[in-house]
Amino acid sequence: MIVHNFDPVFIDLGVFQIRWYSIAYIVGIILGWIYAIKIIKEMARKHNFTMVKKTVFDDLIIYLIIGIVLGGRLGYVIFYNFEYYSRNLFEILKLWEGGMSFHGGLLGVIIATIIFSKIKRINFFYFTDILCCVAPIGLFLGRIANFINGELFGKISTLPWAVVFPNNGNISRHPSQIYEAILEGIVLFILINFFALKKQLLLRAGYVSGLFLIFYSIARIIGENFREPDKHLGYFFNYFSMGVLLSLATFLAGCFIIFLIKNNEQNN
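So the sequence shown is numbered by the numbering used here: it starts at 5 and just counts up by one.
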């Protein structure tokens, strides 16, 4: 059994705090951008295929940041704790305290990318395919930040690596944040980049985006089996957590995207 004693605050300057949660987002965006540029250059060098110019992708970053932050926060508010935040509107602004939704962030990124792709008149999937290759980096760091914050912990467990989290009594639980960091971060990164780069699916616009939705959904559903559901939500139909329901939707969306791509390729 491990006792969680991590401080969610990285630096306390008195009137201002820098939290690990914020650092995870900043580092995730920076590393994601660096890797995205590497992919763009590699596709141009190996396949003479310029999906997106580096300067154009640089311009996309600000749209993505807005989409991630607004979508992630509003997604958490709407999907997971609407009743509380509807009575405490100013609490919505406290991003540093945690409370972000991947599915909300995903919707935010999709909307931001649609707007940007329309402005630049570039295939929407050229952007999202690259983003799907780098997204697991941010997902990994985000889950590690969840663990440091002692939030989104797992179900009760007696395994040797079970963790006792603060403000949760003397109860050992699955470190589900670490499980999800491995599944949604490391495993997903390896899988999606294998198909995108080794199998050259980046040459088929939209395919990587569809696979990402499918693989992420599977990883998330597996992780949800070890994760304690939100107290104010519990299980729907006595079995499905909100995370599972949303992941089923993204799984179907991924299948639909791949179906459309294959159908379009056959017709052409």
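Don't be surprised by glycine CBs; every beta carbon is placed ideally from N, CA and C.
As a beta-bridge residue in DSSP terms, glutamine 21 pairs with Asp16. Nearest to asparagine 85 by alpha-carbon distance, out of Phe131, Met104, Phe144, Asn52, is Met104.
Taking the Cα of alanine 139 as reference, the smallest distance to any Cα among Pro12, Arg77, Asn197 is reached at Asn197.
Here serine 105 carries a coil assignment [DSSP, helix/strand/coil]. A direct Cα-to-Cα measurement between leucine 250 and histidine 107 gives close to 7 Å. Within the same chain, and ignoring the five residues on either side of isoleucine 148 in sequence, the residues whose Cβ sits closer than 6 Å to its Cβ are Ala185.
For isoleucine 65, the uninterrupted alpha helix (DSSP H) run begins and ends at 58 to 84, by DSSP. Residue burial is scored here from C-beta neighbours: proline 179 has at least 16 other C-beta atoms within 10 angstroms and is therefore classed as buried.
In the three-state reduction of the DSSP assignment, glycine 247 falls in the helix class, which pools H, G and I.
Of all C-beta pairs linking the segment 161 to 176 to the segment 234 to 252, fewer than three are shorter than 8 Å, placing the two stretches out of contact. The beta-carbon separation of isoleucine 134 and isoleucine 43, rounded to 6 Å, stays under the 8 Å limit for a contact.
Of the candidates Tyr130, Met5, Ala116, Phe20, Tyr130 places its Cα closest to the Cα of leucine 206. The Cβ atoms of leucine 64 and phenylalanine 144 do not sit closer than 8 Å to each other.
In the DSSP secondary-structure assignment, glycine 238 is not bridged to any residue. Proximity to methionine 47 across Phe128, Leu215, Arg208 peaks at Arg208, based on C-alpha coordinates.
Here serine 90 carries a helix assignment [DSSP, helix/strand/coil]. In this structure, serine 221 lies away from isoleucine 261, with their beta-carbon atoms at least 8 Å apart.
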